[in-house]
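Line order of the protein sequences matches chains A and B. For the numbering used here, add 85 to where a residue sits in the first sequence, where the first one is 1. For the numbering used here, add 85 to where a residue sits in the second sequence, where the first one is 1. Idealized CB from N, CA, C, for every residue including glycine. Keep in mind it's a predicted model, so treat the numbers as computed, not measured.
Number of protein chains: 2
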Amino acid sequence: MDSVEATDRLLEAAEDLFYAHGVQAVGMDAVRERSGVSLKRLYQCFPAKNDLVEAYLLRRDERWRGSLRDFVHARGDDPLAVFAWLKNWFTEPGFRGCAFINSFGEFGEPAPGIAAAIRKHKDEVRAYLHGLVPDPRVADQLFSLVEGATVLAAITGDPCEADTAREAAKVLLKALV
Amino acid sequence: MDSVEATDRLLEAAEDLFYAHGVQAVGMDAVRERSGVSLKRLYQCFPAKNDLVEAYLLRRDERWRGSLRDFVHARGDDPLAVFAWLKNWFTEPGFRGCAFINSFGEFGEPAPGIAAAIRKHKDEVRAYLHGLVPDPRVADQLFSLVEGATVLAAITGDPCEADTAREAAKVLLKALV
DNA sequence: CGACGTGGAGAACGTGCGTTCTCCGCTACT
DNA sequence: AGTAGCGGAGAACGCACGTTCTCCACGTCG
C-alpha cells in the first residue's frame, strides 16, 4: 500500500468515525483499526491529530457541497431544490447534523486550521446560495433557514424540518419576484 | 457555607466555564477553583460530572428563556422582538452560540440526562414561539430562523445575522395576515 | 548468502482528568 | 480539657489517549 492510498483510507475512516461519534470521542487507535493503516504510517501522513481533523473537514466540505451542487443543478438550479436535498440528507441513516457546527461545538478554542476550515465551509455555502438567488439578502435568509433546519433536524431527529424551511423559503422567494 | 450556597456557586462557575470553553475542555478542578467550593463538597452536590453538566443545562435553559420572555413581553409580545433580543445576545462579549447546540456537538452519544436537557430546551423554545405566533407553521419557520441565525452568528462572529433573520421573519409574518 | 533499510505490530511514555482517599484542623459537646 | 465528627486541601489512583519507541519480519542490493 503506497502513501496516497494510505491517506485515502485514513480520511475515509476518519470521516466515518469523526462524524458518527464526534472528533474527541474517537482515538487515533480507532482510526488505525478502521483504516487498516499502521500507526507509524498514520503519523507519517498526518503528524498530529489536528492535521487529520483539518483534512477531514476540508474533504467533507468538498464532498458535501459537491453532492448538493449536483443535485440542485440536475433540477435546473432551483433554490427550492436545496431543501429537497436537505430532506434526503436528514433522512439518511447516521445523519447527525452538520459536521462543521458539531466541530465548532466540540472545540471551545479550536486550532487555527480547524477554525478556518469551519469558517471556510460556511463561507462557501453562503457563496453558493448567492449564486443561486439573485437577491443577496434573500440568499442570506435561505442560508439561515438551511442552518436552522439542519440543527433542528439533528436534535429532534425529525427530517420534516426541511419541509418547514422549504415553505418559508418559498414565501421569501415569492416576495422577491 | 451551606449546601445550597455551594450548589449555587458551583452552578454559577460551571455555567461561566462550560459555556466559555466547552464542557469537555473544563475539568472539575477548574470548577472547584472558580467556585471556591472544595472537591469533596462538589462531589456531594453532584456525584459525577454528568450531573453537573445536566444541572448546568437545565439552569441555563430557564434563565435564557426567562430573559427572552421578559424582553419580548416588555415589547407587547411582538414576535419580531425575538430577533432584537437575539441581536443583543449576539453582541454580548463572550457570546459563543447556543449552549445546547454546542453541547450536542460535543457529545457524540450524550448521557441520557444530557440529551434530554438539550431536547427539552428546544421543545420549550418552540412551544414559546407557538404561543407568540398564531399560525404554528409560521412559528416553526421562525424557530428555524432563530436557530440558523444563532449558529451563523457564532461561527462568523457577525451579530447582523439577527437582522437577516428578522427581515425574513417580517416577510413570513406579513404573509400570514 | 549476508547486510541494510523499510514498514508493521504493538509496547511504552507522558499527560490530563474524573474520582477517591488521606490527613489535619476546627468546632461542639461532655 | 478531651474527644468525636465535620469539612477542606490536596495527594493519589486508574484510565484513556496522543505520541513515540522497540523489535522483528521481509524484501533488496552487493
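Note on geometry: alpha-carbon atoms of Ile203 of chain A and Glu209 of chain A lie some 10 Å from one another. At a cut-off of 8 Å between C-beta atoms, Glu232 of chain B counts as an interface residue with respect to chain A. Shown here for Phe131 of chain A: same chain residues with a beta carbon closer than 6 Å to its own, the five before and five after excluded, namely Leu137 in chain order. Taking a cut-off of 8 Å on C-beta distances, the segment 183-196 of chain B touches the segment 105-118 of chain A, as three or more cross pairs fall below it.
Taken through DSSP and simplified to helix, strand or coil, Ser123 of chain B comes out as coil. Leu143 of chain A has its alpha-carbon roughly 21 Å from the corresponding atom of Asn187 of chain B.
With a threshold of 16 other beta carbon atoms within 10 Å, Gly233 of chain B meets it and is buried. For the segment 108-133 of chain A, the beta-carbon criterion of a distance under 7 Å to any beta-carbon of chain B is satisfied by Gln109 and Ala110. Taking each of B:Val223, B:Phe180 and B:Thr249 in turn and checking the Cα distance to Leu261 of chain B, the smallest one comes out for B:Val223.
Ranked by how close their Cα comes to the Cα of Leu217 of chain B, the residues B:Met86, B:Arg160 and B:Asp87 have B:Arg160 in first place. DSSP, reduced to helix, strand and coil, places Asp243 of chain B outside both helices and strands of the structure shown, so it counts as coil. Contact check between the segment 158-172 of chain A and the segment 249-261 of chain A: three or more CB pairs, one atom from each, fall below 8 Å, which counts as touching. The segment 171-185 of chain A makes contact with the segment 244-251 of chain A; the number of CB pairs closer than 8 Å reaches 3 or more.
Contact between the segment 119-135 of chain A and the segment 88-96 of chain A is present: three or more C-beta pairs spanning the two stretches fall below 8 Å. Taking 8 Å as the threshold, the shortest C-beta distance from Ala166 of chain B to chain A does not fall below it. Neighbourhood of Glu252 of chain B in chain A, by CB distance below 8 Å: Arg222 and Gln226, in chain order.
Listed along chain B are Lys207, Phe228, Ser229 and Glu232, each with a C-beta nearer than 8 Å to that of Leu237 of chain A.
Fewer than three Cβ pairs drawn from the segment 91-102 of chain B and the segment 235-245 of chain B lie within less than 8 Å of each other, which leaves the two stretches out of contact. With fewer than 16 other Cβ atoms inside 10 Å of its own Cβ, Ala212 of chain A counts as exposed. Just measuring C-alpha positions, the residue of A:Ala115, A:Leu153 and A:Pro178 sitting nearest Val231 of chain A is A:Leu153. When the Cα atoms are used, Ile199 of chain A and Phe185 of chain A turn out to be separated by approximately 9 Å. Residues of chain B whose Cβ lies closer than 8 Å to the Cβ of Ala260 of chain A are, in chain order, Val256 and Ala260.
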